[in-house]
């Protein structure tokens, strides 16, 4: 498989670098991590800049390779992360682009690209654990609407979202993977209660969402009724396949910074630490090559990442935790100081083996769908 870049792709890289160099110095200061309305406005403002410059559609209309170059260059330049736009740009938007009707694509995609609307993800439930298909939120058909009752947890950015990509059970008698439907729910609908959750790192980008007979129009269904599990696999393939690619670049940058810090404070003299950092350097270099392989495979198969995304996500989530454990070793006792670089990142890294499908789930996907091992009972 060819992992090299074409002249057209390198021209896109050079043009993007020039735009970033000219644009980033003029950005306003970032708001406080606890100021979610401010963070929403900041993130939407960045998305509008991308839109006006012609870079807003790289997550959907551009080739996977162009998408990867965009993630690499913006991360290396220190550009703002997608932030509150994460679900819309990297999950819901690509899913609607792949599975939605022309009317749905026209309704929901342009506002995401223009930085006008924020989406959240209503997948996980309190009693389902990592078994997503065990969800119990019900949607009863009533004419042209679904009446939804239930609750969701770990709903990313729910407190500032306009829309929610929502999984509901529309046929309680069907096998659990077959009675699920994917809906786009307006977050201002009557009957929705949002309760923010504070993480170990002190942030509150997640929330519990309680749904009490919320009415969602049938026209907001993406895919057929009871075909939501298949649509969800499309969503998760984007989440696991390319959404973390830019973070690999960030981890490589952090690794270089750790080496500089270790030389300053004398910990570089420890050969075990040097070996650890060197191994992590090789790890993230290999992960970047795997990301390139995955987007090349997606390009050959119509743009939707395949099961290789599970391999990437599985290894990346553990490598990220190892990176910030190494950061704690470099910092020594200072790793307990929340004002030091990398300390909060270390706390947040603990979630990566759970988010976007637990490592146990990824092991099962790799075993069954890649290695062809029999399903467990």
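In this note's numbering, the protein residues as written are 4 to 380.
From the three backbone atoms N, C-alpha and C, an ideal C-beta is built for every residue, glycine too.
Taking only the alpha-carbon atoms, compute the straight-line gap between residue i and residue j and give it to the nearest angstrom.
i, j, result
"residue 35", "residue 361", "30 Å"
"residue 13", "residue 59", "18 Å"
"residue 125", "residue 289", "33 Å"
"residue 236", "residue 131", "17 Å"
"residue 46", "residue 164", "12 Å"
"residue 53", "residue 65", "14 Å"
"residue 7", "residue 71", "12 Å"
"residue 160", "residue 199", "9 Å"
"residue 385", "residue 129", "For residue 385 there is no data in the structure shown, the boundaries of the chain being 4 and 380."
"residue 139", "residue 78", "38 Å"
"residue 26", "residue 181", "47 Å"
"residue 183", "residue 239", "15 Å"
"residue 260", "residue 323", "15 Å"
"residue 351", "residue 333", "18 Å"
"residue 348", "residue 105", "40 Å"
"residue 39", "residue 272", "42 Å"
"residue 120", "residue 87", "10 Å"
"residue 33", "residue 93", "22 Å"
"residue 190", "residue 101", "23 Å"
"residue 44", "residue 55", "16 Å"
"residue 338", "residue 169", "38 Å"
"residue 195", "residue 134", "24 Å"
"residue 51", "residue 262", "36 Å"
Go through its chain and collect everything with a Cβ distance to residue i's Cβ below 8 Å, but skip five positions before and after it.
i, result
"residue 335", "268 and 270"
"residue 24", "80"
"residue 192", "217, 218 and 219"
"residue 69", "12, 15 and 61"
"residue 29", "none"
"residue 175", "141 and 182"
Using C-beta distances below 7 Å, list every residue in its chain close to residue i, excluding the 5 sequence neighbours before and after it, in chain order.
i, result
"residue 340", "346"
"residue 275", "none"
"residue 253", "78"
"residue 179", "136 and 137"
"residue 49", "83"
"residue 328", "none"
"residue 148", "218, 219, 220 and 221"
"residue 208", "159 and 160"
Going by alpha carbons, who is nearest to residue i out of the options?
i, options, result
"residue 157", "167, 151, 150 and 228", "167"
"residue 171", "150, 189, 161 and 206", "150"
"residue 316", "249, 154, 145 and 226", "249"
"residue 82", "31, 134 and 232", "31"
"residue 331", "280, 284 and 291", "280"
"residue 343", "276, 296, 11 and 264", "264"
"residue 188", "111, 11 and 239", "111"
"residue 228", "173, 87 and 88", "173"
"residue 320", "251, 169 and 266", "251"
"residue 15", "141, 57 and 272", "57"
"residue 206", "28, 88, 22 and 37", "37"
"residue 21", "76, 33 and 51", "76"
"residue 3", "283, 338 and 337", "The structure shown has nothing for residue 3, since the chain only spans 4 to 380."
Residue i: buried (16+ other C-beta within 10 angstroms of its C-beta) or exposed?
i, result
"residue 377", "exposed"
"residue 177", "exposed"
"residue 294", "buried"
"residue 95", "buried"
"residue 155", "buried"
"residue 42", "buried"
"residue 85", "buried"
"residue 292", "exposed"
"residue 222", "exposed"
"residue 231", "buried"
"residue 9", "exposed"
"residue 278", "exposed"
"residue 17", "exposed"
"residue 118", "buried"
"residue 390", "The chain is shown from 4 up to 380; residue 390 falls before or after that span and cannot be answered."
"residue 144", "exposed"
"residue 266", "exposed"
"residue 255", "buried"
Which whole-angstrom value is the C-beta distance of residue i and residue j, which I expect to be below 8 Å?
i, j, result
"residue 197", "residue 219", "Contact doesn't hold; Cβ gap of about 16 Å is too wide."
"residue 326", "residue 258", "7 Å"
"residue 122", "residue 103", "Not really, about 13 Å apart at Cβ, beyond 8 Å."
"residue 214", "residue 153", "5 Å"
"residue 210", "residue 162", "5 Å"
"residue 108", "residue 99", "6 Å"
"residue 234", "residue 225", "6 Å"
"residue 97", "residue 62", "6 Å"
"residue 19", "residue 89", "Actually they do not touch by this definition, with Cβ atoms about 20 Å apart."
For residue i and chain C, any beta-carbon pair shorter than 8 Å?
i, result
"residue 102", "The chain labelled as chain C is not found in the depicted structure, where only one protein chain is given."
Is any heavy atom in the ligand SAM found nearer than 7 Å to the beta carbon of residue i?
i, result
"residue 91", "As far as ligands go, the structure on display features none, and thus does not contain the ligand SAM."
If I measure Cβ to Cβ from residue i and keep anything under 6 Å in the same chain, skipping five residues before and after, which residues do I get?
i, result
"residue 127", "156 and 157"
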